[in-house]
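Peer 1: Here it is: the structure, laid out below.
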Amino acid sequence: MGGGLARRGGSMQDRFGRELLRRFQGSPGVVDSWYSAERFAIGYRRVVGGVVNWAYLGSLYAECAGLAGEPRDAALARYVASMTEPATVPREWGAAASLLRPVLCGTAVGRSAPGSGRDGESLVRRAALPFLDEVVVVDLPTTIGYVTRDLVASWRVSVADVFAVARANLAADRREVLSAARREPAVLRFVDDGAAYWVSRLLVPGWLAGLGELVGGRPVAFAPDRDSLLVVRDGPQVAEMFDIVAAEYRESTRAVSPVAYTADTAGRVMPYRVPPDHPAYDAAARADRLLAASAYDTQADLLRADWSVAQRVSVASYLLVEPDRAAPSSVSTWRQDVATLLPVTDRVALVGADRRESWLIGWDTLMSGAAPRRVPGLVPPRYRVGLWPTGDSWRRLVTGAWHRADGALG
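The sequence shown begins at 72 in my numbering and counts up by one.
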């Protein structure tokens with residue numbers, strides 16, 4: 072392959088990406104699509120406000136390098152059709168019920184901006200774990216279809232019924248754990264075949280707790296992506312797993328979470344929590360904030376793309392801070408006299424208009440001293456702030472704050 076074709080960010084790849092984008096835009100199974108040069112992929116949605124799918128173009132690009140004319144056109148057409156043909160979801164409850172399965176996804180994934188008028192097309196979802204939601208899919212032979220509120224209405228059942236049936240279907244699928252798990256040193260690894268829904272089984276009460284005998288102690292689970300579940304025994308060695316899982320999480324196109332999970336006394340899954348002197352404390356704190364950052368990044372992209380939001384307020388980023396000799400933390404920025412939607416972070420940097428001065432305060436201090444208003448309809452939550460307080464209110468807000476006068480933090 073020539074050097075021009077091999078350059079990852081070269082213009083030939085971008086032209087190829089834009090060519091594929093035109094095909095995606097003309098597909099009847101797609102309502103929204105765009106080209107990402109950074110990912111060398113097409114992002115697209117099958118329903119308005121639905122889950123973003125990514126069609127990665129690397130392999131197709133290499134395949135088409137030696138093709139021209141009709142063979143090349145046919146290869147592109149086959150690829151787009153395979154990625155975009157809409158799932159044929161049963162419209163009758165009796166046909167659909169046995170196919171329902173629960174799935175974990177990021178809490179900001181697949182949401183629409185508040186006031187978009189797309190409620191009917193939104194996914195059926197409920198909070199499952201911090202920054203993770205439970206959604207429901209229809210398990211079809213070669214793909215899955217996400218359950219929307221409009222679809223539930225057409226079935227004439229309640230949302231609660233849909234969730235209950237999806238979980239019951241998964242609980243009834245009693246696959247042999249020992250034969251399915253791939254034993255690695257001190258780790259049980261479950262790799263999904265497209266039908267097992269191993270990660271989703273964390274939602275079934277008692278399932279994770281039931282693996283305690285296999286791992287020889289309290290089970291701790293990691294779900295870096297939709298197709299991979301790792302389970303280890305609780306102990307100091309858990310600390311080593313976080314870096315492995317974080318790398319898999321960052322590299323995955325179907326990422327779920329870098330956080331560790333375990334079971335409570337009732338068998339329900341919960342985030343893994345350890346005291347500050349535990350070897351895994353810093354790694355667990357980093358994973359919590361990495362997941363939060365991902366959710367807020369997804370939400371920020373949605374809000375910044377909505378002109379009705381972008382023209383009125385600044386959407387602050389969620390930033391991960393990793394000091395040399397302290398636990399990781401998070402920070403967001405409120406610039407002087409700029410109306411801002413703040414994510415919930417450990418600390419907030421107040422940055423002067425001239426960017427020469429800044430103050431760093433805790434989130435609780437912000438809540439008590441500035442009284443920000445929570446924005447209705449935003450998940451994960453954001454709080455709106457406007458003008459900085461003045462006089463005594465300002466002095467109380469920054470009393471004890473870390474102050475920098477030789478250049479702003481944010």
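Just so it is clear, CB atoms sit at the ideal spot from N, CA and C, and this is done for glycine as well. Being a predicted model, the structure only gives us computed values, none of them experimental.
Output the residue ranges of the beta strand (DSSP E) runs that lie fully inside the stretch 78 to 164 and measure 3 residues or longer, sorted by chain position.
Peer 2: Those beta strand (DSSP E) runs which fall completely within the stretch 78 to 164 and span 3+ residues are 103 to 107, 112 to 116, 124 to 127.
Peer 1: Pull up the CB-CB distance for glutamate 134 and proline 173, whole angstroms please, since I reckon it's below 8 Å.
Peer 2: Your numbering for residue 134 matches position 63 in the sequence shown. Your numbering for residue 173 matches position 102 in the sequence shown. At roughly 36 Å, the Cβ-Cβ gap does not stay under 8 Å, so glutamate 134 and proline 173 are not in contact.
Peer 1: With a CB to CB cut of under 8 Å and the five nearest residues on each side skipped, what residues in its chain are close to proline 347?
Peer 2: For the purposes of this step, residue 347 is taken as residue 276 along the sequence shown, with counting starting at 1. Contacts found: Ala398.
Peer 1: Taking arginine 220 and valine 180 to be in contact with their CB atoms under 8 Å, please state how far apart those CB atoms are, rounded to whole angstroms.
Peer 2: Counted from its first residue, the sequence shown places residue 220 at position 149. Counted from its first residue, the sequence shown places residue 180 at position 109. Not really, about 16 Å apart at Cβ, beyond 8 Å.
Peer 1: On a CA-only basis, which of Arg455, Ala441, Pro451 is nearest serine 464? Give me that one, please.
Peer 2: By one-based count along the sequence shown, residue 464 stands at place 393. It is Ala441 whose Cα lies nearest to the Cα of serine 464.
Peer 1: Determine, using beta carbons only, whether alanine 351 and proline 290 come nearer to each other than 9 Å.
Peer 2: Residue numbering aside, residue 351 sits at position 280 when the sequence shown is read from its first letter. Residue numbering aside, residue 290 sits at position 219 when the sequence shown is read from its first letter. Going by C-beta atoms, alanine 351 is not nearer than 9 Å to proline 290.
Peer 1: Tyrosine 268 and aspartate 244: beta carbons closer than 9 Å?
Peer 2: Here the question's residue 268 lines up with position 197 in the sequence shown. Here the question's residue 244 lines up with position 173 in the sequence shown. In contact: tyrosine 268 and aspartate 244 (Cβ atoms closer than 9 Å).
Peer 1: Quick one: using the 10 Å Cβ neighbour count with 16 as the cut-off for buried, is glycine 216 buried or exposed?
Peer 2: As a first step, residue 216 must be located in the sequence shown, where it is residue number 145. By the 10 Å Cβ count, glycine 216 comes out buried.
Peer 1: Label valine 262 either buried or exposed according to how many other C-beta atoms from any shown protein chain fall within 10 Å of its C-beta, with 16 as the threshold for buried.
Peer 2: By 1-based counting over the sequence shown, the position of residue 262 is 191. By the 10 Å Cβ count, valine 262 comes out exposed.
Peer 1: From this set, Ser365, Asp305, Asp395, Arg339, which residue's C-alpha is nearest histidine 349's C-alpha?
Peer 2: Indexing the sequence shown from 1 puts residue 349 at position 278. Measuring from the Cα of histidine 349, the nearest candidate turns out to be Asp305.
Peer 1: Taking the CB atoms as reference points, tell me whether alanine 358 and serine 388 lie closer together than 9 Å.
Peer 2: Along the sequence shown, read from residue 1 onward, the residue named residue 358 stands at position 287. Along the sequence shown, read from residue 1 onward, the residue named residue 388 stands at position 317. Taking 9 Å as the Cβ cut-off, alanine 358 and serine 388 do not qualify as a contacting pair.
Peer 1: Per DSSP, which residues does proline 290 bridge with? Please list them.
Peer 2: Sequence index remark: in the sequence shown, residue 290 carries index 219 (1-based). According to DSSP, which records beta bridges pairwise, proline 290 is partnered with Arg304.
Peer 1: How many Å lie between arginine 246 and glycine 287 at the Cα?
Peer 2: Position 175 of the sequence shown holds residue 246. Position 216 of the sequence shown holds residue 287. The straight-line gap from Cα to Cα measures roughly 20 Å.
Peer 1: If you drop the 5 nearest sequence neighbours on each side, which residues of the same chain put their C-beta closer than 8 Å to that of proline 443?
Peer 2: Stepping through the sequence shown from its first residue, residue 443 is reached at position 372. Closer than 8 Å at Cβ, skipping near neighbours: Leu413, Leu437, Tyr454, Arg455, Val456.
Peer 1: Should serine 130 be labelled buried (16 or more other beta-carbon atoms within 10 Å of its own) or exposed?
Peer 2: Residue numbering aside, residue 130 sits at position 59 when the sequence shown is read from its first letter. Serine 130 comes out exposed.
Peer 1: Taking C-alpha atoms, which residue in Val218, Ser429, Asn124 lies nearest to leucine 170?
Peer 2: For the purposes of this step, residue 170 is taken as the residue at position 99 of the sequence shown. It is Val218 whose Cα lies nearest to the Cα of leucine 170.
Peer 1: Suppose you measure from the CA of alanine 334 to the CA of arginine 344; what does that come to, to the nearest Å?
Peer 2: By 1-based counting over the sequence shown, the position of residue 334 is 263. By 1-based counting over the sequence shown, the position of residue 344 is 273. Roughly 11 Å between the two C-alpha positions.
Peer 1: Are there 16 or more other CB atoms within 10 angstroms of the CB of serine 229, so buried, or fewer, so exposed?
Peer 2: On the sequence shown, residue 229 is found 158 positions in, with the first residue counted as 1. By the 10 Å Cβ count, serine 229 comes out exposed.
Peer 1: Excluding five sequence neighbours on each side, which residues of the same chain lie with their C-beta closer than 6 Å to the C-beta of tyrosine 132?
Peer 2: Here residue 132 corresponds to residue number 61 of the sequence shown, with the count starting at 1. Answer for tyrosine 132: Phe87, listed in chain order.
Peer 1: Going by beta-carbon coordinates alone, are leucine 241 and valine 340 separated by less than 9 Å?
Peer 2: Start at 1 with the first residue of the sequence shown, and residue 241 comes out as number 170. Start at 1 with the first residue of the sequence shown, and residue 340 comes out as number 269. Contact flag unset, no.
Peer 1: Per DSSP, what kind of secondary structure is phenylalanine 202 in: helix, strand or coil?
Peer 2: Position 131 of the sequence shown, counted from the start, is the residue given in the question as residue 202. Looking at phenylalanine 202 - three-state DSSP - the assignment turns out to be coil, as it is neither helix nor strand.
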